[in-house]
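Undergrad: Residue numbers (our numbering): 1 to 128.
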């Protein structure tokens, strides 16, 4: 795992991969996937409502992304259970970073934010 964040008893693990078969470095197109595992360590269910991402490439170009759910779902995560999904992003540089948050709610309709710590996206051997 590349990064782990704990907040409100929600654990968020992130693993990233560079996708050379989809990338075109000569065209400044670097494609990355990221796998997110969200584990609920609370005594009650939580639901992921929306997401916010801040994606920064190596030229400090920032892209803000927000929207409902993740990969078309608004998963309910039961106590002690996990939800995993994989998504991706395209950068104009071989190195970048992402950070963000999930807006979540409890069964009592108490909304809270679960932060996602910054993590690095890098083409292999791009960082020394």
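Where a beta carbon is used, it is the ideal one built from N, C-alpha and C, also for glycine.
Note that the coordinates shown come from a computational prediction; the quantities given were computed from them, not determined experimentally.
Tell me, please, whether the region 54-66 touches the region 33-43 by the rule of three or more beta-carbon pairs shorter than 8 angstroms.
TA: Segments in contact, no.
Undergrad: What did DSSP end up calling residue 26 once you bin it into helix, strand or coil?
TA: Here residue 26 sits in helix by DSSP.
Undergrad: Enumerate in chain order the residues of its own chain whose CB-to-CB distance from residue 107 is below 6 angstroms, with the five nearest sequence positions on each side excluded.
TA: 44 and 45, listed in sequence order.
Undergrad: Can you tell me which of 10, 9, 12 and 30 puts its alpha carbon nearest to the alpha carbon of residue 19?
TA: Looking at the Cα atoms, 30 is the closest of the given residues.
Undergrad: Beta strand (DSSP E) containing residue 66: first to last residue?
TA: Note, residue 66: beta strand (DSSP E), 62-68.
Undergrad: Over what stretch of residues does the beta strand (DSSP E) that includes residue 120 continue unbroken?
TA: Unbroken beta strand (DSSP E) run through residue 120: 111-122.
Undergrad: Enumerate in chain order the residues of its own chain whose CB-to-CB distance from residue 42 is below 8 angstroms, with the five nearest sequence positions on each side excluded.
TA: Result list for residue 42: 8, 9, 10, 79 and 106, in chain order.
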